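Since the structure comes first, as structure tokens, the remarks are kept for the end.
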Amino acid sequence: MLLVTGVNGALGALVLERLRGREGVVAGSRTPEALPDGTPARLVDFDRPETLKKAFVDVRTLLLISAGAAEDDVVIARHGAAIAAAEEAGVEHVVYTSLSGDGDHLPYALAHRWTERRLRGSAGLRWTVLRNGLYAEFLAAIAAPDADGVITAPLGDGGLAAVARADLAEVAVGVALAPAEHAGRTYELVGERAIGGADLAAATGAEYRPATLAGTRAAVAASDALDFQVPMVVGTYSAIAHGFLAGPGAPGDLAALLGRPPRPALDVIAAG
């Protein structure tokens, strides 16, 4: 049996859509009753570890989609509880959606690296790590034109090797359905071309006039963002602006696992 967590999120929903109707696939959710009719589901609540052992009974492969944005201690507790329950329940293989290696400079990298280390040291589990690059859809959201058609995101002259969320879902499904072929592997799933502010402006018919990081920090802090999200957003802008997320500029693990070129990030963004 394959159990997929995180199905209420955007990536998890795409994964579940690709697996719908396949025998031996179960969705794990805090609200299984809210999933589409006919979806086999179990209660999986990482903040209630007592739900996990029962949920993981008879599960051979666990597709552990990262358990949501929160403070590091919260995310680590969630992932730790899931891995411990998988060990106890006799799960054979965990496929984990992590963060790309070039994201080590990002404020939210720590919980991902902790989870990778926990998997490598686990008792009896085989594992595969999918180090996902940042989504094209995420870039479109944090660098959207304002009401005057101006992109003010502080991307400088840098760019992001953004990835279509659908491509990452396709890879996750392929690996989770044949995990033995990928045991002990860590894949870097980033785009092949860096997208910057000028590219976004051209694709959306906007003008690019980047603000400063300080000005952006003040604007994010004044929004409805939670306190811990402010450094996450600003740190992401800074990493892009200073060239840390530009990708390899060549075909890599993503194309190899897809068996085709990745979807161009600008096409995804332009399609809305």
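Here numbering that gives the first Met the number 0 is used: position 230 in the sequence shown is 229, and no number is missing along the way. Note that beta-carbon positions come from the ideal geometry of N, C-alpha and C, so glycine has one too. Quick caveat, the model's predicted, so the values are computed rather than measured.
Inset, instruction - Just mark ARG259 as buried or exposed, buried being the case when its beta carbon has 16 or more other beta carbons within 10 Å. - result: exposed
Inset, instruction - Throw me the rounded Cβ distance for the HIS92 and PRO153 pair, which I believe falls under 8 Å. - result: About 41 Å separates the two Cβ atoms, so there is no contact after all.
Inset, instruction - Output the boundary residues of the alpha helix (DSSP H) element that contains ALA76. - result: Start and end: 71–88.
Legend entry - Local conformation of TYR107 per DSSP, three classes: coil
Legend entry - Presumed contact (8 Å Cβ cut-off) between LEU138 and ALA161, rounded CB distance: 5 Å
Legend entry - Sequence-distant residues of the same chain with beta carbon closer than 6 Å to ALA163, five excluded per side: ALA135, ARG262, VAL267
Legend entry - Nearest-angstrom Cα separation, counted from ALA80 out to PRO144: 40 Å
Inset, instruction - Give me the Cα-Cα distance between ARG21 and GLY251, rounded to the nearest whole angstrom. - result: 29 Å
Legend entry - For ARG19 and ALA108, the rounded distance between their alpha carbons: 31 Å
Inset, instruction - Round the Cβ separation of LEU1 and THR60 to the nearest angstrom and send it over; I've been treating them as touching at under 8 Å. - result: Their Cβ separation, rounded to whole angstroms, is 5 Å, which keeps LEU1 and THR60 in contact under 8 Å.
Legend entry - Secondary structure of ALA175, DSSP reduced to three states: Residue state, collapsed to three classes: helix.
Inset, instruction - State the beta-bridge partners of HIS92 as determined by DSSP. - result: THR60, ARG125
Legend entry - Three-state secondary structure (DSSP) of GLY120: coil
Legend entry - Separation of ARG119 from GLY102, as counted between CA atoms: 20 Å
Inset, instruction - Answer yes or no: do ARG205 and ILE150 have a C-beta to C-beta separation smaller than 8 Å? - result: It should be noted that the sequence gives Ala, not Arg, for residue 205. Going by beta carbons, ALA205 and ILE150 fall inside the 8 Å limit.
Inset, instruction - Could you spell out where the beta strand (DSSP E) holding GLY27 opens and where it closes? - result: 24–28
Legend entry - beta strand (DSSP E) segment containing LEU188, residue limits: 185–188 is the span of the beta strand (DSSP E), which, as asked, contains LEU188.
Inset, instruction - Provide the residue span of the alpha helix (DSSP H) that contains ALA255, from first to last. - result: 252–257
Inset, instruction - Along the beta strand (DSSP E) that carries ALA40, what are the first and last residues, could you check? - result: 40–42
Inset, instruction - Give the straight-line distance between the Cα atoms of ARG17 and HIS104, rounded to the nearest whole angstrom. - result: 32 Å
Inset, instruction - Just the C-alpha distance for LEU124 and VAL56, rounded to the nearest angstrom, thanks. - result: 15 Å
Legend entry - Nonlocal neighbours in the same chain, by C-beta distance under 6 Å from ASP71, ignoring five residues either side: LEU109, ALA110
Legend entry - Cβ neighbour criterion (16 or more within 10 Å) applied to ALA249: So ALA249 counts as exposed.
Legend entry - Cβ-Cβ distance between LEU257 and VAL128 below 8 Å: no
Legend entry - C-alpha distance - ALA197 paired with GLY158, whole-angstrom precision: Here the alpha carbons of GLY158 and ALA197 stand approximately 9 Å from one another.
Inset, instruction - Return the CA-CA distance between THR235 and SER99, expressed in angstroms with no decimal places. - result: Cα-Cα distance, rounded: 13 Å.
Legend entry - Segment limits, alpha helix (DSSP H) that includes VAL232: 228–240
Inset, instruction - Determine, using beta carbons only, whether LEU199 and LEU167 come nearer to each other than 8 Å. - result: no
Legend entry - LEU1 Cβ short of 7 Å to the ligand ATP heavy atom set: Questions concerning the ligand ATP fall outside what the structure shown contains, since it holds no ligand whatsoever.
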